[in-house]
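So the structure is just underneath, and the comments pick up after that.
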Amino acid sequence: MHNDQDRFKLFTRRASILAGGQLALVSALVGRLYYLQVLQEDRYRMLADENRISLRLLPPPRGRILDREGVPLAVNSRNYRVLLVAEQSPSLARTLDALGRIIPIGEHDRRRIEREVRRKRPFVPVTVAENLGWEQVAQIEVNAPDLPGISIDVGQSRFYPYYEEAAHVIGYVAAVAEEELTGDPVLELPGFRIGKSGIEREYDGAMRGKAGTTQLEVNALGRVIRELKRQDGQPGDDVELTLDIDLQRAVSRRLGNDSAAAVVMDVRSGEVLAMSSTPSFDPNSFNQGISSTEWRALSTNMKAPLINKPVSGQYAPGSTFKMIVALAGLEAGLVAPDDRFYCRGWMDMGNARFHCWKRHGHGWMDMHEGIKQSCDVYFYELAKKVGIARIGAMSRRFGLGGTVGIDLPGEQAGLIPTREWKMARVGTPWQRGETVVAAIGQGYILTTPLQLAVMSARLATGRAVTPRLTRRLIGPDGDTRLPETPEFPPLGLSEPALAVVRDAMDAVTNHSRGTAYRSRIAEPEFAMAGKTGTAQVRRITRAERLTGVRKNEDLEWRQRDHALFVAFAPVKTPRYAAAVVVEHGGSGSTTAAPIVRDILLEAQRLDPGGRRRLAGGADGRGEGG
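The sequence shown: position 301 = 300 (numbering that gives the first Met the number 0), numbered continuously.
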């Protein structure tokens, strides 16, 4: 009996221990379940959603580029493209083979696709082809079961309605290169484009906008079931330029197929109203993917259609530089306007002879006649008195020898040489003969067409006019960001000195003996004042001078002189300044001057600086020097 009681007590203790252990395990399990399902609910819900929901970025609409009246110069159009998600395709090669039977996929494209698949994360879509037609889209959709990983996406593509007429200023967008990736996932989006040149590059950040997001519900195979939530991206800013597209088109047409550059400015505001570089190119080709044949034709063209010549082309200014030398002499008090030098057709200095463009000379010349008839010998003699240091200092006051700060990439500074520069660069001292050559805008001196336009604007106003291309940035909500109102300080030159030069420029075009008289504007209210320039690109030997200098038309194109002309108008109350350089165009008086005449006449008739049309208008619209 006693043993039975002991066994019962032992059994009871063991049962209690076992029950206690079970209760502890159940409590731990309940506690763990409470922790997982209640306390960690948000975390595990997110993890579950990540397996069910695919979060993707949406490219933002790129801001437009507009002219000064709101006419679109760069817009966005619909673009159907084929995307490939590598992780959804069991065999990349077989998928591309199947797709290649529907749309053309060349070897170059296959290598690009394979390279992008290796470079990008497997779930990031890769663009296979763009700008598909509707029939191609329909064929791909019908064959979707045989094309794993392939999908059609509707995006936006950049479109330039004015094609070649404003290509160098507007620039273009193109796909992001590997070296341009910064870790920003937006840059890896299929079909995403960034600015590569011109305004597209200068204001790329402002026009890019902010990406949106879309939440897609997918099944276990990754196939999209439905869109759960969508937040569109914030569009980029619109950029309103100072260009007037009507004037821009007129300038482009006037330059034609010449290798040339032209700039038209408002001398009061510094706004660039037209800037043209010819020959040009179609920026739409770069956005859509330029072919190797087209690229080879552009890059090997001797007339350099890809270079924005107004800001990147550097040329000897020729006789358009003579006003600078004249002002340097007047401001230093080293010469009076009526001081005269005799031109017999050349000037000897040491054992060197420096020739005038007029073989038998001009006779006695004062400053007015020296500019009007573009007498080289007059400026040779003047330069000997003035010296290169004073000439250089005056040049820089007129915007030469340094960038002028235009809001475009690729601006070149040109060159105004000094004694120190030559010693550091060439290793030999400055020679007096080099000062003489510099006086007629030759030798080491280099300028850009934009700098020459700025020089003309400063001559017309006596103020440090600075050019600009952007009027304002317009945000997606309509708010605007305006640049600071320009205040151009005086150049600090005496008005009588400026008057001498302006009167002489007036005579260049409006006096019968002026070098550009045949290119004058006949209407008095539109009359212009200007200066011809002809810059040699080859050395004329003594033997050639004895036998007769060959005419430009008898030379190979690359050996012909550059033709230049600078001007402002109207003469009495200047409003517009212009500069034109025609590469290897021959004489400035016969080639460049007529172009500037037509440009300034059109500028004054359109008068973009003095009037403003309703915003958002029509969408479509051989003598010296």
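The beta-carbon is built from N, C-alpha and C at its ideal position, and this holds for glycine as well. Just so it is clear, the structure is predicted and the values come from calculations on it, not from any experiment.
A buried status is given to G587, since no fewer than 16 other beta-carbon atoms sit within 10 Å of its beta-carbon.
If only uninterrupted beta strand (DSSP E) runs of at least 3 residues are considered, those enclosed by the region 141-185 are 149-158, 172-174.
Here T299 carries a coil assignment [DSSP, helix/strand/coil]. Ranked by Cα distance from R229, the first of L56, V84, P103, Y162 is L56.
Per the Cβ contact rule, the region 146-156 is not in contact with the region 235-254 (fewer than 3 Cβ pairs under 8 Å). Between G288 and E129 the beta-carbon gap is near 7 Å, inside 8 Å, which marks them as a contact. In the structure shown, A259 falls within a strand segment according to DSSP collapsed to helix, strand and coil.
Approximately 5 Å separates the beta-carbon atoms of P282 and A166; this is inside 8 Å, confirming the contact. For secondary structure counted as the beta strand (DSSP E) over 3 or more consecutive residues, the region 405-478 holds these complete runs in sequence order: 469-473.
When the beta-carbon positions are compared, R389 and A325 stay at least 8 Å from each other. Residues T212, Q214 of the same chain have their beta carbon placed closer than 7 Å to that of L54, with the five preceding and five following residues left out of the count.
Between P489 and R462, the C-beta gap is smaller than 8 Å, which places the two residues in contact. Our two residues, L481 and I473, have alpha carbons roughly 9 Å apart in a direct line. In the DSSP assignment, the residues bridged to G529 are A566. Taking the CA atoms as reference points, V464 sits about 54 Å from V84. Beta bridge pairing from DSSP links G194 with V172. Contact check for S373 and T531: beta-carbon distance about 6 Å, within the 8 Å limit, so the pair qualifies.
Collapsing the DSSP output to three states places A249 in a helix.
N75 and D478 have their C-alpha atoms some 21 Å from each other. G208 sits close to G235, with the two beta carbons spaced by under 8 Å. When rounded, the separation of the alpha-carbon atoms in K421 and L445 is 14 Å. Under the criterion of beta carbons closer than 8 Å, A260 and V565 do not qualify as touching, at roughly 12 Å. In the three-state reduction of the DSSP assignment, T589 falls in the helix class. Between T402 and V127, the alpha-carbon positions lie close to 42 Å from each other.
DSSP lists G362 as the beta-bridge partner residues of C342. With at least 16 other beta carbons inside 10 angstroms of its own, N551 counts as buried. Collapsing the DSSP output to three states places V403 in coil.
Per DSSP, Y314 lies in no alpha helix (DSSP H) segment and is marked neither H nor E. Here the alpha carbons of G204 and K371 stand approximately 49 Å from one another.
Less than 8 Å separates the beta-carbon of A592 from that of S518. With distances taken between CA atoms, H583 lies nearest to Y314 out of E483, S26, Y314. For a cut-off of 8 Å, the C-beta gap from L407 to V310 is around 6 Å, short enough to register as a contact.
The beta carbons of S279 and E163 sit closer together than 8 Å. The three-state reading of DSSP puts I594 in helix, counting H, G and I together.
For the 8 Å CB-CB criterion, A97 and D66 do not form a contact. When secondary structure is reduced to three states using DSSP, P495 falls in the helix class.
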